[in-house]
Each structure stands twice: as C-alpha cells, then as structure tokens.
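Chemist:
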Amino acid sequence: MTDASTADDDFRAFAETAIPMLHRTALAACGDRHRADDVVQTALEKLFVSWPRIRREARDPLAYARTTVVRSLIDDARRPFWRREVRSHTLPEAGGVDEAQRAVDRDWVRSALDDLTPRQRLAVVLRHLEGLSVQECARAIGTSETNVKAATREGMAALRSAAERSLGEGAER
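Just so it is clear: in the sequence shown, position 81 is 81 by full-length UniProt numbering, and no numbers are missing.
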C-alpha cells in the first residue's frame, strides 16, 4: 500500500466521522441546508489537499476542520450572491405530538437564529451548540475573545427577547 492510498484511507475515515458534526455546525450557522452542504464540501476539499500536513501537525484535526468550515462560511458570506436572505424550513414528519412539537421547536430555533447577525449566529452556534470555549471559538472565527464574548452576549440577548415575544404571543391566543 502506498503512502498516498494510506493518506486517502485515513482522510476518508476522518471525513466519515467528521461530516455530521461539520454539517450540523454549518447548518446552524447559516440556516440553509444546501449552503451548509456546499460549505462542508468546500472545507473537505481544502482539508484533503492539506491532509498529510494536517495529519502530521494538527493537534486536533476535528478542530482544524471546524475552523475551516467557519472560515468558509465567512468567505461565502462576503460573496454578493449570498447577501440575499435564504431560509429553508422543513415540514414536520408524521409521528405524533412529541415529534410535531420538536419540529415546531426546531423551526422556532432556526428562525430565531436566522434573525441574528452572522457574527452573533456564529458565536452562539459555536459556543452553545458545539460547546467550544471562548478561546476555541475566537481561534475558529479568527477574532478576539472580547469579540466572541460580545457577539455571544448580544446573540443570546436577542434570542431571549425573541423567546419572550413568542411566549407573549402564545399567551394572547
């Protein structure tokens, strides 16, 4: 077996385990399933090209991959054709009240995240969905810890406000 095929097999195994997490992060950060697919694919292409170096040098290849996805999202957001707002919501599948309620909750969270600025959304997703520390989040986004803290605080305040409005609307019905 050649070094190239060993590296390919190693990357394939890494990608198979990393894709679900990377896609979840991308989807939560951008709110569009197709765009998340594209961003993860772009990130994996970049990772594949550099895989021998990443495998040798990166302490945590998954963190490196997450950073690549985050930076791909940021790069995509700078492109003019992504400045249009795109929302994709799925209808709940049949499966009872609990499943329907979970679908409503998912749609509410996705809609509330869509209303955040891209900076706030990315900070909230990385900090609270992915569970990254402030330092890890700052490193992934390529900004200061102070900016991460501010974006997280502002994003969470906006989400709390949206939740309070939603609960108030539910009580009025």
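Quick reminder that beta carbons are idealized off the backbone N, C-alpha and C, glycines included.
How is the alpha helix (DSSP H) around L47 delimited, first residue to last?
Modeler: For the purposes of this step, residue 47 is identified with residue 47 of the sequence shown, where counting begins at 1. Here the alpha helix (DSSP H) through L47 covers 33 to 57.
Chemist: Using the three-state DSSP reduction, which class does S133 fall into: helix, strand or coil?
Modeler: Walking along the sequence shown from the start, residue 133 turns up at place 133. Coil.
Chemist: Assign Q135 to one of two classes, buried (16 or more other C-beta atoms within 10 Å of its C-beta) or exposed (fewer than that).
Modeler: Reading the sequence shown from its first residue, position 135 is the one you call residue 135. It is exposed - the Cβ of Q135 has fewer than 16 other Cβ atoms within 10 Å.
Chemist: So L122 and A58 are supposed to be a Cβ contact under 8 Å. How far apart are they, rounded?
Modeler: As a working mapping, residue 122 is identified with position 122 in the sequence shown. As a working mapping, residue 58 is identified with position 58 in the sequence shown. Not quite, the Cβ-Cβ distance comes to about 21 Å (not below 8 Å), so this is no contact.
Chemist: To the nearest angstrom, report how far apart E16 and D76 are at their CA atoms.
Modeler: On the sequence shown, residue 16 is found 16 positions in, with the first residue counted as 1. On the sequence shown, residue 76 is found 76 positions in, with the first residue counted as 1. Distance between the alpha carbons of E16 and D76 is about 24 Å.
Chemist: Confirm, please, whether the CB-CB distance from V40 to L22 is below 8 Å.
Modeler: Your numbering for residue 22 matches position 22 in the sequence shown. Your numbering for residue 40 matches position 40 in the sequence shown. Yes. Within cutoff.
Chemist: Taking the alpha carbon of V109 as the point to measure from, which residue in G31, R139, L126, F11 has its own alpha carbon closest?
Modeler: As a working mapping, residue 109 is identified with position 109 in the sequence shown. Nearest option by C-alpha distance: G31.
Chemist: For L27, I'd like the list of residues in its chain whose CB is within less than 8 Å of its CB, leaving aside the five on either flank, ordered along the chain.
Modeler: By 1-based counting over the sequence shown, the position of residue 27 is 27. Closer than 8 Å at the Cβ level, and outside the excluded window around L27, lie R33, A36.
Chemist: Sorted by chain position, which residues of the same chain lie with C-beta nearer than 8 Å to I54's C-beta, five sequence neighbours on each side aside?
Modeler: Stepping through the sequence shown from its first residue, residue 54 is reached at position 54. Counting only Cβ-Cβ distances below 8 Å, and skipping sequence neighbours, we find L47, P61, Y64.
Chemist: Tell me whether D10 sits in a helix, a strand or coil according to DSSP, three-state version.
Modeler: The residue you call residue 10 lines up with position 10 of the sequence shown. Correct three-state label for D10: helix.
Chemist: By the three-class DSSP mapping on this structure, what secondary structure does S144 have?
Modeler: Working through the sequence shown from its first residue, we reach residue 144 at position 144. In this structure, S144 counts as coil in the three-state DSSP scheme.
Chemist: May I ask you to report which of helix, strand or coil DSSP gives D115?
Modeler: Indexing the sequence shown from 1 puts residue 115 at position 115. Reduced to three states, the DSSP call for D115 is coil.
Chemist: Please state the DSSP three-state secondary structure of D60.
Modeler: One-based indexing of the sequence shown puts residue 60 at position 60. D60: coil per DSSP, three-state reduction.
Chemist: Do you know offhand how far A151's Cα is from A43's?
Modeler: For the purposes of this step, residue 151 is identified with residue 151 of the sequence shown, where counting begins at 1. For the purposes of this step, residue 43 is identified with residue 43 of the sequence shown, where counting begins at 1. If I take the Cα positions, the gap works out to 24 Å.
Chemist: Return the CA-CA distance between V70 and G155, expressed in angstroms with no decimal places.
Modeler: Within the sequence shown, numbered from 1, the residue matching residue 70 stands at position 70. Within the sequence shown, numbered from 1, the residue matching residue 155 stands at position 155. Those two C-alpha atoms are separated by around 17 Å.
Chemist: Assign T117 to buried or exposed, taking buried as 16 or more other Cβ atoms, counted over all protein chains shown, within 10 Å of its Cβ.
Modeler: Here the question's residue 117 lines up with position 117 in the sequence shown. It counts as exposed.
Chemist: Going by the beta-carbon positions, is the gap between R66 and A13 smaller than 8 Å?
Modeler: Within the sequence shown, residue 66 is the residue found at index 66, counting from 1. Within the sequence shown, residue 13 is the residue found at index 13, counting from 1. Going by C-beta atoms, R66 is not nearer than 8 Å to A13.
Chemist: Nearest-angstrom Cα distance between residue 174 and G168?
Modeler: Limits of the chain in this structure are 1 at one end and 173 at the other, which puts residue 174 out of reach.
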